[in-house]
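Input: a single structure, listed below in structure tokens.
Number of protein chains: 2
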Amino acid sequence: MFQSRAPLYMEIAKELKKRITDGVYAPGQQLPSEPELAAQFGVSRGTLREALSVLEKEGAIRRRHGIGSFVEAHYNKVVAGMERLDPLIDTIRRSGYEAKDQVLSIRETKIDAKGAEALEVEVGSVGYVIESIRLADQEPVIYCFDLLPGWLVPDPALLENRYRTDSLSSFLKDTCQVKPYQFISTVSAVLPFPKTMRILGIDKKSPLILIEGTLYDENGKPLNYGKQLFRSDKYQFHLVRK
Amino acid sequence: MFQSRAPLYMEIAKELKKRITDGVYAPGQQLPSEPELAAQFGVSRGTLREALSVLEKEGAIRRRHGIGSFVEAHYNKVVAGMERLDPLIDTIRRSGYEAKDQVLSIRETKIDAKGAEALEVEVGSVGYVIESIRLADQEPVIYCFDLLPGWLVPDPALLENRYRTDSLSSFLKDTCQVKPYQFISTVSAVLPFPKTMRILGIDKKSPLILIEGTLYDENGKPLNYGKQLFRSDKYQFHLVRK
DNA sequence: TAGTGGTCTAGACCACCAT
DNA sequence: TGGTGGTCTAGACCACTAG
Numbered sequence: 752m753f754q755s756r757a758p759l760y761m762e763i764a765k766e767l768k769k770r771i772t773d774g775v776y777a778p779g780q781q782l783p784s785e786p787e788l789a790a791q792f793g794v795s796r797g798t799l800r801e802a803l804s805v806l807e808k809e810g811a812i813r814r815r816h817g818i819g820s821f822v823e824a825h826y827n828k829v830v831a832g833m834e835r836l837d838p839l840i841d842t843i844r845r846s847g848y849e850a851k852d853q854v855l856s857i858r859e860t861k862i863d864a865k866g867a868e869a870l871e872v873e874v875g876s877v878g879y880v881i882e883s884i885r886l887a888d889q890e891p892v893i894y895c896f897d898l899l900p901g902w903l904v905p906d907p908a909l910l911e912n913r914y915r916t917d918s919l920s921s922f923l924k925d926t927c928q929v930k931p932y933q934f935i936s937t938v939s940a941v942l943p944f945p946k947t948m949r950i951l952g953i954d955k956k957s958p959l960i961l962i963e964g965t966l967y968d969e970n971g972k973p974l975n976y977g978k979q980l981f982r983s984d985k986y987q988f989h990l991v992r993k
Numbered sequence: 752m753f754q755s756r757a758p759l760y761m762e763i764a765k766e767l768k769k770r771i772t773d774g775v776y777a778p779g780q781q782l783p784s785e786p787e788l789a790a791q792f793g794v795s796r797g798t799l800r801e802a803l804s805v806l807e808k809e810g811a812i813r814r815r816h817g818i819g820s821f822v823e824a825h826y827n828k829v830v831a832g833m834e835r836l837d838p839l840i841d842t843i844r845r846s847g848y849e850a851k852d853q854v855l856s857i858r859e860t861k862i863d864a865k866g867a868e869a870l871e872v873e874v875g876s877v878g879y880v881i882e883s884i885r886l887a888d889q890e891p892v893i894y895c896f897d898l899l900p901g902w903l904v905p906d907p908a909l910l911e912n913r914y915r916t917d918s919l920s921s922f923l924k925d926t927c928q929v930k931p932y933q934f935i936s937t938v939s940a941v942l943p944f945p946k947t948m949r950i951l952g953i954d955k956k957s958p959l960i961l962i963e964g965t966l967y968d969e970n971g972k973p974l975n976y977g978k979q980l981f982r983s984d985k986y987q988f989h990l991v992r993k
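Here the protein sequences come in this chain order: A and B.
Heads up: the first sequence is residues 752 to 993, going by our numbering.
Heads up: the second sequence is residues 752 to 993, going by our numbering.
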């Protein structure tokens with residue numbers, strides 16, 4: 752009957768975040784002191800500090816030694832943090848667009864040298880290629896190329912059946928029983944190939960952001976080699992450098 | 752006579768990092784348990800955990816509940832993290848190039864609407880523009896445009912005298928007595944203007960990464976509106992998405 | 001079940017900053 | 001000086017994972 756309770760400090764962080772978004776603590780305003788807040792929530796100062804650390808990490812507050820903790824002046828300015836491994840479709844939605852996935856093709860392939868190095872498998876071994884696009888308000892904004900190693904997919908038929916309805920993320924988690932952990936990638940600017948021009952509906956003078964890299968699980972095992980091309984005129988990345 | 756000692760947990764983090772880079776703890780290997788390490792360093796488990804948090808935040812280790820802490824398999828793969836607000840010249844050096852700054856021009860200006868909004872000053876008020884490039888092995892790879900609000904610069908003469916030898920970062924800290932804290936920006940891909948083509952020595956078909964945004968101090972006050980154009984063929988950004 | 005990391009406490013003292 | 005956040009302790013119990 753009882754829900755397994757989240758850690759105390761997370762509950763407190765949640766409540767504090769609520770107060771910030773509700774305007775109880777306004778941008779730039781100083782929060783009550785740590786002992787004060789700890790008393791309010793009836794926890795030790797250590798626990799309260801863990802909650803504040805969560806908010807600080809998320810950029811909601813700024814702590815200043817000897818002075819106090821303050822609500823960040825620019826909290827919420829960033830909608831799609833570049834460093835977050837969120838499903839792309841969610842980042843589009845957060846930007847206020849109607850978002851849709853569309854799978855272009857799913858096919859078996861022999862993995863080439865580049866893919867083999869990234870996925871740490873034999874050249875020529877079996878892999879699966881998924882090409883897809885993401886639409887924002889009916890308009891294509893992202894082109895995705897994903898290469899999965901053969902060992903990861905229990906049954907190729909599942910690709911057709913499941914992938915068209917699920918996201919790659921949930922496909923990996925639910926069907927392949929692996930946990931995506933981090934995507935190590937490089938970022939560059941490129942001009943579109945004719946195929947990409949056609950797919951994204953752009954001309955040859957529209958540069959794209961290319962994010963190319965490998966997705967690893969918690970143990971450092973490669974799960975996916977992916978390329979993502981973003982229309983720079985339609986999809987804005989936000990980045991906070993500290 | 753005594754050096755002001757760094758916090759204990761930082762010293763411990765430093766030592767543990769050394770062990771990792773020295774190969775005492777190899778990539779993928781499990782670290783000793785927390786109680787074990789705490790005993791080794793003669794500190795409480797809480798303090799030892801703070802040290803591990805530092806390593807985890809830096810991507811050096813990964814902690815796994817109920818199992819142990821492990822050295823990240825891909826630590827050190829990333830040389831120039833996109834989310835870091837380091838002097839650009841340092842990131843070039845870390846990539847193994849000979850790096851150099853070169854100031855193209857410093858001039859007074861009347862701040863236009865876009866700059867005024869970013870810097871939160873009056874349109875038409877006094878500002879200073881600095882144009883510069885960064886060279887990697889003699890070759891220009893980054894073009895920088897920086898706009899400083901007039902109130903920030905105590906004496907315009909200092910700009911000429913100091914800026915040509917210092918970095919923007921140290922100029923702001925030492926001469927302007929402010930502390931840069933975060934750079935909130937957008938990332939996009941663009942084709943070069945004729946002027947940029949000339950400066951960076953590229954043709955009109957070479958797309959560039961544009962990072963454009965505002966630098967804020969700890970209190971959320973705008974210090975600088977900047978544009979940075981990166982040659983995508985010469986300068987690779989690395990990005991870890993989690 | 002044994003061992004790991006995760007959470008939490010109650011208290012102490014230090015370092016920083018405004019006044 | 002007084003109040004703030006930063007560091008540190010010694011101990012307790014919980015939650016997760018392997019064998």
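For glycine and all other residues, C-beta sits at the position ideal for the given N, C-alpha and C.
Identification of chain A residues near Y967/B by a Cβ-Cβ cut-off of 8 angstroms yields A824 and H825, ordered along the chain. If you draw a straight line from the Cα of D897/B to the Cα of F981/A, it is about 27 angstroms long.
Nothing from the region 896-927 of chain A brings a Cβ to less than 9 angstroms from some Cβ of chain B. Against chain A, the beta carbon of A940/B has neighbours under 7 angstroms at A940, P958, L959, I960 and S983, listed in chain order. The secondary-structure analysis by DSSP pairs P891/A across a beta bridge with L886/A. If you draw a straight line from the Cα of E963/B to the Cα of G971/A, it is about 34 angstroms long. For the pair D984/A and S939/B, the CB atoms are nearer than the 9 angstroms cut-off. With fewer than three CB-CB distances shorter than 8 angstroms, the region 807-824 of chain B does not count as touching the region 844-864 of chain B.
Taking one beta carbon from each stretch, the region 870-879 of chain B and the region 890-910 of chain B have 3 or more pairs nearer than 8 angstroms; the two touch.
Inclusion of R885/B and K924/B in the CB contact set at 9 angstroms is not warranted, their separation being larger than that value. The C-beta of E834/B comes closer than 9 angstroms to at least one C-beta of chain A. For a Cβ distance threshold of 8 angstroms, residue set I935, S936, T937 and V938 of chain B lies close to H989/A, ordered along the chain. In the same chain as R813/A, and ignoring 5 residues on each side of it, the C-beta atoms closer than 6 angstroms to its own belong to F821 and E823, in chain order. Chain order gives the chain B residues near G971/A as G779, A824 and H825, where near means a beta carbon separation below 7 angstroms.
Between S936/A and L990/B a beta carbon distance of about 5 angstroms is seen, short of the 8 angstroms cut, so the two are scored as contacting. Looking at I893/B, Q928/B, G774/B and E871/B, the one whose alpha-carbon comes closest to that of K978/B is I893/B. Within the region 771-801 of chain B, the residues whose Cβ lies closer than 9 angstroms to some Cβ of chain A are P778, G779 and G797, listed in chain order. Not flagged as an interface residue toward chain B: R756/A, since no C-beta distance is shorter than 9 angstroms. Within chain A, no C-beta atom comes less than 8 angstroms from the C-beta of K865/B; the nearest is roughly 16 angstroms away.
In this structure L836/A touches F934/A by the C-beta definition: roughly 5 angstroms separates them, less than 8 angstroms. Buried is the label assigned to G866/A, since at least 16 other Cβ atoms lie within 10 Å of its Cβ. DSSP places A764/A in the uninterrupted alpha helix (DSSP H) bounded by L759 to T772. For G797/A, the enclosing alpha helix (DSSP H) has its first and last residue at R796 to K808.
Residues of chain B with a Cβ closer than 9 angstroms to the Cβ of R885/A do not exist, since the nearest Cβ in that chain sits about 16 angstroms away. Any Cβ of chain B closer than 9 angstroms to the Cβ of R992/A would place that residue at the interface, and such an atom is present. Proximity of Y848/A to chain B, defined by a Cβ-Cβ separation below 9 angstroms, is not satisfied. The bridge partners DSSP lists for V822/B are I812/B. The residues L799, in chain order, have a CB closer than 6 angstroms to that of L788/A in the same chain once the five nearest residues on each side in sequence are set aside. If you draw a 10 Å sphere on the C-beta of F922/A, you find 16 or more other C-beta atoms in it, and that means buried.
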